[in-house]
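Asker: Chains as they are written, first to last, in the working numbering: chain H, 4 to 131; chain U, 16 to 123. Pasting a structure here, questions to come.
Written as structure tokens, this is what we have:
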């Protein structure tokens, strides 16, 4: 079978990729800052911030602003464990990708291949 | 051995290091005028990815739900030394489900 690349080549050095990583991995910014004037502690700043994409935020249970409807299908899909297909790069349900094959390009994991060889072996036995 | 996630260079690699290792900025500044302390700042700043933040115990914003599957995955999942894809420790010890890599010890 011809080995086609389905996803466009991802650039790995650009700013877009950098932002993509930050949003995907999430960023925690915690800061305690004290400003003192003439020896007197005047201003205190305490920051507990988390920066992430909607999907990552939903996965890690960050609180959303009040009034956000969390019952939509997009939210339910966001929480499902997904993985990028190593061959075509498309996001696929992790279980499906590991246990059967990538529905986009047909890539098979080592586990799926092992399962298939066992099945083939069983068929051969029946025929003989 | 098949490499499923190749090493990258440049800005994204740098960012990966910063996110994965975390950054601590611990800075005290003082502005003096003739022995009189005019202005001083004390800053303790921590920057890290969610994964690292969880490992080193940084506090997350209030009302963060720390009982989701993703938090549990951070503790149980390891990346395969050969292909870099993540799977749980038990899955890995039986051979990486992604690329088939197995530790010498488990082959015995």
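Note that CB positions come from ideal geometry on N, CA and C, so glycine has one too.
Tell me which residue opens and which closes the alpha helix (DSSP H) that residue 108 of chain U is part of.
Answerer: In the second chain, the residue the question calls residue 108 of chain U occupies position 93. Note, residue 108 of chain U: alpha helix (DSSP H), 104-108.
Asker: Please identify, using Cβ separations under 8 angstroms, the residues of the region 35-49 of chain H that lie next to chain U, in order along the chain.
Answerer: Listed by position, the residues of the region 35-49 of chain H near chain U (Cβ gap below 8 angstroms) are 35, 36, 37, 38, 39, 40, 41, 42.
Asker: Drop a sphere of 10 angstroms on the beta-carbon of residue 74 of chain U, count the other beta-carbons inside from all chains shown, and report buried for 16 or more, exposed for fewer.
Answerer: Position 59 of the second chain holds residue 74 of chain U. Classification for residue 74 of chain U: exposed.
Asker: Does DSSP classify residue 73 of chain U as helix, strand or coil?
Answerer: Here residue 73 of chain U refers to the residue found at position 58 when the second chain is read from its first residue. If DSSP states are grouped into helix, strand and coil, residue 73 of chain U belongs with coil.
Asker: For residue 20 of chain H and chain U, any beta-carbon pair shorter than 8 angstroms?
Answerer: In the first chain, counting from the first residue as 1, residue 20 of chain H sits at position 17. Yes - at least one Cβ of chain U is within 8 angstroms of the one on residue 20 of chain H.
Asker: So, residue 1 of chain H versus residue 63 of chain U, is the Cβ gap smaller than 8 angstroms?
Answerer: The question about residue 1 of chain H has no answer here: the residues shown for chain H are numbered 4 through 131.
Asker: Using the Cα positions of residue 113 of chain U and residue 104 of chain H, report the straight-line distance between them to the nearest angstrom.
Answerer: Taking the second chain and counting its residues from 1, the one referred to as residue 113 of chain U is at position 98. Taking the first chain and counting its residues from 1, the one referred to as residue 104 of chain H is at position 101. Using only the alpha carbons, I get a separation of about 11 angstroms.
Asker: Is DSSP giving residue 85 of chain U helix, strand or coil here?
Answerer: Stepping through the second chain from its first residue, residue 85 of chain U is reached at position 70. It is helical.
Asker: Residue 66 of chain U: which of U/33, U/52, U/104 sits nearest, CA to CA?
Answerer: Residue 66 of chain U sits at position 51 when you count from the first residue of the second chain. The shortest C-alpha separation from residue 66 of chain U is found at U/33.
Asker: Please confirm if the region 69-82 of chain H is in contact with the region 30-50 of chain H, defined as three or more CB-CB distances below 8 angstroms between the two stretches.
Answerer: no
Asker: Out of H/24, H/62, H/116, H/69, which one is the CA nearest neighbour of residue 86 of chain U?
Answerer: Position 71 of the second chain, counted from the first residue, corresponds to residue 86 of chain U. Here the closest residue by C-alpha is H/62.
Asker: For residue 58 of chain H, would you say it is in contact with chain U, using Cβ-to-Cβ distances shorter than 8 angstroms as the test?
Answerer: The residue you call residue 58 of chain H lines up with position 55 of the first chain. Judged by the 8 angstroms Cβ criterion, residue 58 of chain H is not in contact with chain U.
Asker: So what does DSSP say about residue 69 of chain H, is it helix, strand or coil?
Answerer: Working through the first chain from its first residue, we reach residue 69 of chain H at position 66. DSSP places residue 69 of chain H in coil when its eight states are reduced to three.
Asker: Could you give the DSSP three-state label for residue 41 of chain U: helix, strand or coil?
Answerer: For the purposes of this step, residue 41 of chain U is taken as the residue at position 26 of the second chain. Strand.
Asker: Which residues in chain H sit within 9 angstroms of residue 60 of chain U, going by Cβ to Cβ distance?
Answerer: Position 45 of the second chain, counted from the start, is the residue given in the question as residue 60 of chain U. In chain order: 32, 33, 34, 35, 36, 50.
Asker: In chain H, which residues lie with their C-beta within 7 angstroms of the C-beta of residue 103 of chain U?
Answerer: Taking the second chain and counting its residues from 1, one reaches residue 103 of chain U at position 88. Neighbours of residue 103 of chain U on chain H: none; closest Cβ ~11 angstroms, over 7 angstroms.
Asker: Which residue marks the beginning of the beta strand (DSSP E) containing residue 61 of chain U, and which one marks its end?
Answerer: Walking along the second chain from the start, residue 61 of chain U turns up at place 46. Per DSSP, residue 61 of chain U belongs to the beta strand (DSSP E) from 51-64.
Asker: Can you list, in chain order, the residues of its chain with a C-beta nearer than 6 angstroms to that of residue 110 of chain H? Leave out the 5 residues immediately preceding and following it.
Answerer: As a working note, residue 110 of chain H is residue 107 in the first chain. Cβ within range, chain order: 88, 90.
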